[in-house]
Amino acid sequence: MRLAIAAIFLISGLHGTAWAQKTPDPRTLPNGKTWTYDADSGHDIMRTCAACHGEFGEGGGGGVYPRISGLHPEYLAEQLRAFKSRARENIPMIPYANERELPEKDVLDVTYYLASITPPKHPPSDDVPMDAFQRLILAKQAVQIPRQPGDIETGQKLYNADCMECHARDGQGRVKKPPLAQQHPTYLRAQIALMLSDRRKHDDVDELMRTKSPKDWDDLWAYVSTLDD
Ligand code: HEC
Ligand code: HEC
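Reading the sequence shown from the start, the letters are residues -20 to -1, 1 to 209 in mature numbering (1 follows the signal peptide of the UniProt record, and there is no 0).
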């Protein structure tokens, strides 16, 4: 097992994310204990999450369970804290996101672990030489969004006008503004529905979201689904 974990780190290291470079400093937790990142603990905690979010946080259930790998650790931690306080509603996660199951130390370990995985945009091509184990891991970690129906050009205009400023030109987001690229469309659409019904907070919902027609949304997600091509 240790070997497997080491190999995974080696591989994710090769595809290192910008977030993963920042080694967190030791911190004092609310209970007075010190926290320093423990990757083995992060990996262990992730086993609980894997049932829904996939072994490497790549998402699952046809996109009902979001991709959580490679997201910024501060965004991930903030969402977990919001689930724990119920500021963000998430009924399936209630048994996991509470102080007993997921104390602050575990929130930090699992979020830094998830942030250390960069999901490749494609499974590795047959031309690239690598051993079978490496190939298998990278194929499992890959998050490739199938092309969504809609007009890509119109979607690009909408995206650039309304979303790019925060979610970035390449859709990969920045710090506490999560990526929309390489995120499952079923999940993204569900979040918009929650925002429109005031069950999840988002900036400027009236201007950015309430003004859009079903066709606008199709076009927007069609464009976003090409960002990982
Ligand atoms: C029983 C299934 C289930 C398990 C187990 C589970 N989750 Fe989730 N998780 C969900 C669902 C469903 C959502 C989406 C909720 C929504 O639609 O807003 C979610 C959303 C999230 C999000 C928000 C992602 C985003 O982009 O905002 C994070 C972060 C997350 N989960 C982390 C975890 C971690 C870490 C664990 C393990 C400690 C875990 N989850 C275990 C079902 C699960
Ligand atoms: C002013 C900045 C800003 C703009 C502009 C913006 N967003 Fe966001 N968006 C955010 C932030 C911040 C969050 C995280 C909210 C949270 O912490 O729960 C977010 C979250 C989201 C999420 C949830 C993603 C997830 O992983 O759970 C979706 C979907 C989303 N935005 C879609 C859009 C779309 C579509 C547009 C353009 C029409 C847009 N946003 C424009 C700041 C912005």
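Every residue, glycine too, gets a C-beta built ideally from N, C-alpha and C.
In terms of DSSP beta bridges, what is residue 45 paired with? As a first step, residue 45 must be located in the sequence shown, where it is residue number 65. 40, per the DSSP bridge assignment.
Original post:
Hey, how far is the Cα of residue 173 from the Cα of residue 188?
Top reply: Position 193 of the sequence shown, counting from 1, holds the residue named residue 173. Position 208 of the sequence shown, counting from 1, holds the residue named residue 188. About 13 Å.
query: Would you call residue 1 buried or exposed, if buried means 16 or more other Cβ atoms sit within 10 Å of its Cβ?
result: Reading the sequence shown from its first residue, position 21 is the one you call residue 1. Because the pLDDT of residue 1 is 49, which lies under 50, any placement of that residue in the model is unreliable, and the number read from its coordinates should be weighed accordingly. That one is exposed.
Problem set entry | residue 134 and residue 199 closer than 8 Å at C-beta | As a first step, residue 134 is located in the sequence shown; it is residue number 154 there, counting from the start. As a first step, residue 199 is located in the sequence shown; it is residue number 219 there, counting from the start. Yes; because the gap between Cβ atoms is below 8 Å, this pair is in contact.
- Item | Rounded straight-line distance, which links the Cα of residue 170 to that of residue 145 | Along the sequence shown, one-based indexing puts residue 145 at 165. Along the sequence shown, one-based indexing puts residue 170 at 190. Near 22 Å, if we compare the C-alpha coordinates of residue 170 and residue 145.
To the nearest angstrom, how far is the alpha carbon of residue 41 from that of residue 163? The residue given as residue 41 occupies position 61 in the sequence shown. The residue given as residue 163 occupies position 183 in the sequence shown. Approximately 13 Å between the Cα atoms of the pair.
Burial state of residue 20, where buried means 16 or more other Cβ atoms lie within 10 Å: What you label residue 20 is simply residue 40 of the sequence shown in a count that begins at 1. By the 10 Å Cβ count, residue 20 comes out exposed.
Open item on the list: Taking only three categories from DSSP, how would you classify residue 1?
Closed with: For this step, residue 1 is matched to residue 21 along the sequence shown. Per-residue confidence for residue 1 stands at a pLDDT of 49, beneath the threshold of 50, marking its modelled position as unreliable; the derived number appears in the next sentence. The answer is helix: DSSP assigns residue 1 an H, G or I state.
Hey, would you say the C-beta of residue 158 is under 7 Å away from at least one heavy atom of ligand 3? Here the bound small molecules are ligand 1 and ligand 2; ligand 3 is not part of this structure.
Problem set entry | Residues of its chain near residue 150, where Cβ-Cβ distance is below 8 Å and the 5 sequence neighbours each way are ignored | In the sequence shown, residue 150 corresponds to position 170, counting from 1. Excluding residues within five positions, the ones whose Cβ falls inside 8 Å are 161, 207.
*Rounded to the nearest angstrom, how far is the Cβ of residue 128 from that of residue 205, given a contact under 8 Å?*
Here residue 128 refers to the residue found at position 148 of the sequence shown. Here residue 205 refers to the residue found at position 225 of the sequence shown. Correct: roughly 4 Å between the Cβ atoms.
Check whether the region 72 to 91 and the region 108 to 117 are in contact - that is, three or more C-beta pairs closer than 8 Å. no
Hey, could you find the ends of the alpha helix (DSSP H) residue 210 is sitting in?
There is no way to answer for residue 210, as the model of the chain reaches only from -20 to 209.
### Message
Going by the DSSP bridge assignment, what does residue 15 pair with across the sheet?
### Response
As a position in the sequence shown, residue 15 is number 35, starting the count at 1. Looking at the DSSP assignment, residue 15 forms a beta bridge with 7.
task: Grab me the residues of residue 119's own chain with a C-beta within less than 7 Å of its C-beta, minus the 5 sequence neighbours each way, in chain order.
output: Translated into positions along the sequence shown, residue 119 becomes position 139. Only 103, 104 meet the Cβ criterion.
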